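Sequences listed follow chains U and Z, in order. Heads up, the final residue of the first sequence is numbered 925 in the working numbering, and it's a clean run with no missing numbers. Heads up, the final residue of the second sequence is numbered 1010 in the working numbering, and it's a clean run with no missing numbers. Where a beta carbon is used, it is the ideal one built from N, C-alpha and C, also for glycine. Note that the coordinates shown come from a computational prediction; the quantities given were computed from them, not determined experimentally. Quick notes on the structure that follows.
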Amino acid sequence: MIRINCPYCGERDHSEFSYGGDATINYPSLDASEKEWTEAIFFRKNIKGFQFETWHHSNGCRMWLVVERSTVTHEIKSVKPCHPDLQRVVENNK
Amino acid sequence: MTKFNAWNVIKNGLNGQSYWTRQWRDPEPKSSYDVVIIGGGLHGLATAYYLAKNHNIKNVAVLEKGWIGGGNAGRNTTIVRSNYMMPGNHEFYEHSLKLWENLSHELNYNVMFSQRAHVSLFHSPGAKDSVSRIYNIMRLHGTDAELWDLKTLKKNIPHLNYHNSRFPILGAAVQKRAGNARHDAVAWGYARAADTLGVDILQNCEVTGFTRKNGNIESIETSRGIIKGKKIGFAVAGNTSVLWQMAELGNLPIESHKLQAFVSEAVKPLLDQVVVYGVGGAHFYISQSDKGSMVFGGDLDWYKSYAQRGNLPMVQDVAEAAMAIFPSLGRIRLLRHWAGVMDMTMDGSFFICKTPISNLYLNAGWNYGGFKASPASGWYFADLIANESPHNYVQNHNLERFEKGINIDERGAGPDPKLHG
């Protein structure tokens, strides 16, 4: 079991969460070329090692998180709220 | 290599089994080959075999980081079927099934292919309609497919849980020519047959880098020295992205996920078919091995991973799925469970295609279904490498299909790799 330290709820089993995917995708502007959109929607770095990825606390607070996790050892380095403004609120309340 | 036949079995039986030779050689790498296949799994070995057999290209090496049969070849649930409906996929998997039917004779190696029928349960009128559509498309293409009503199903498999009121079993879609094979034997059979035709199988030979010249890959750096290849094929499902980036080619429409499989202690004959179902968030497939063990599996672990080990929540999920359909398994003990790393693609279909590097060819993206595909995969990948243009069946199985909007999405699940079960 992977344990994810949700900034809102505390440390929980990963079975409470759903895996989203790569958290580093930058979507291009609406008038960008088909090639750029194809790259953003379909193509992935598929990193072997530490990566930033999204998880949804679907059976908890239902907030989206950005987790820095190794795809080899499953070790987690950091967990943050997805939204930068919410990140600020969490930090101000510490 | 001593051929397996009645005469040799009798001769060795009378001589203390002393005249058998090695199954395949353990050669030192040559400095260059006409074709180098990276990845000594079923797909790589099959490709090497068909290059030599169908296209007379015999100066071929297969590079394997570990040992033959130690990767996903030895980590699957050995199901062989061809119940696909999308153009390209259907013909491809049907061709594969036809190759399976003659594989033991073809390779002179008993791959223990058992056409015991693949029984896919349905639990609602909607599911019945949906699967009827797929199986009708199969029949229109000349593939065997039939629907079993509840009475026929009960007669053939009497001990399923027919009293589940939440998800009642209404019947099953059946492909009788489908079944199982012995996974190790397939790897060893292809290795032995390819070796006999002159292919070098280089085990413990890990690729560590590529040297480029004029846009091509000139040579491959490996743990057993530098090897040149006029043409190079990748067949390393699970680690395709790693090798792709080693060749400085950027991103792929692939995520690596792990899929677990389970095997129980051996029991007396209990199940004659492969039984599959997917309903209410559960996904489960089971068959009985020749030793008597129940071999089964379910979904991915649901998060991206390169680790060849499974996580416990999925063990529980699969056990629950087993109990929902097979309550009689309740007291059977699990012997082992393990995980393999899959290339999960953005539309659930595979790649047999050319790449931006003119002497590099790609075989990847097998999702849950690499085992059954291996003969046809080798067949058409060898065809692509030899003839430099893809066969009709795999003409859309390339990296450009996403930009062109011709995804081959059997399940209609959209661009999320983990959803393509």
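Against chain Z, the beta carbon of Asn877 (chain U) has neighbours under 7 Å at Ser830, Leu841, Ile843, Glu844, Ser845, listed in chain order. In terms of beta-carbon proximity, Leu923 (chain Z) stays away from the interface with chain U, with every pair separated by 8 Å or more. The beta carbon of Tyr608 (chain Z) does not come within 8 Å of any beta carbon belonging to chain U, so the residue lies off that interface. Runs of alpha helix (DSSP H) with 4 or more residues, each lying fully within the stretch 921-1003 of chain Z, are found at 959-976, 990-993, listed in chain order. For the stretch 972-1001 of chain Z, the beta-carbon criterion of a distance under 8 Å to any beta-carbon of chain U is satisfied by Phe991, Glu992. The C-beta of Gln984 (chain Z) has fewer than 16 other C-beta atoms within 10 Å across all chains shown, which makes the residue exposed. No Cβ-Cβ contact shorter than 8 Å links Ile941 (chain Z) with His1009 (chain Z).
Exclusion of the five residues before and after Gly804 (chain Z) leaves Ile946, Ser947 as the residues of its chain whose Cβ lies within less than 8 Å of its Cβ. Bounds of any beta strand (DSSP E) do not take in Gly891 (chain U), whose DSSP letter is neither H nor E.
Under the three-state reduction of DSSP output, Asp844 (chain U) falls in the strand class.
Residues of chain U whose Cβ lies closer than 8 Å to the Cβ of Ala896 (chain Z) are, in chain order, Thr902, Val903, Thr904, His905. Counting C-beta pairs closer than 8 Å gives three or more between the stretch 998-1007 of chain Z and the stretch 926-942 of chain Z, which meets the contact rule. With a minimum length of 4 residues, the unbroken runs of alpha helix (DSSP H) contained wholly in the stretch 631-706 of chain Z fall at 631-644, 678-690, 692-696.
In the pairwise beta carbon analysis, the stretch 685-705 of chain Z is classified as touching the stretch 944-963 of chain Z: at least three pairs are separated by under 8 Å. Under the 10 Å beta carbon count, Leu988 (chain Z) is surrounded by 16 or more other beta carbons and is classified as buried. Any Cβ of chain U closer than 8 Å to the Cβ of Lys744 (chain Z) would place that residue at the interface, and such an atom is absent. The criterion of a C-beta distance shorter than 8 Å is not satisfied by Glu690 (chain Z) and Tyr982 (chain Z). Secondary structure at Asp853 (chain U): strand, using DSSP grouped into helix, strand and coil. Residues of chain Z whose Cβ lies closer than 7 Å to the Cβ of Thr869 (chain U) are, in chain order, Phe991, Glu992.
For Ile723 (chain Z), the enclosing alpha helix (DSSP H) has its first and last residue at 714-729.
Residue contact check for Lys1007 (chain Z) against chain U: a CB pair falls below 8 Å. Under a criterion of Cβ atoms nearer than 7 Å, the residues of chain Z adjacent to Ile872 (chain U) are, in order, Pro1004.
According to the DSSP secondary-structure assignment, Val763 (chain Z) is paired through a beta bridge with Z:Val708, Z:Glu735.
Around the beta carbon of Thr667 (chain Z), 16 or more other beta carbons lie within 10 angstroms, which makes this residue buried.
Bounds of the beta strand (DSSP E) holding Trp891 (chain Z) are 882-893.
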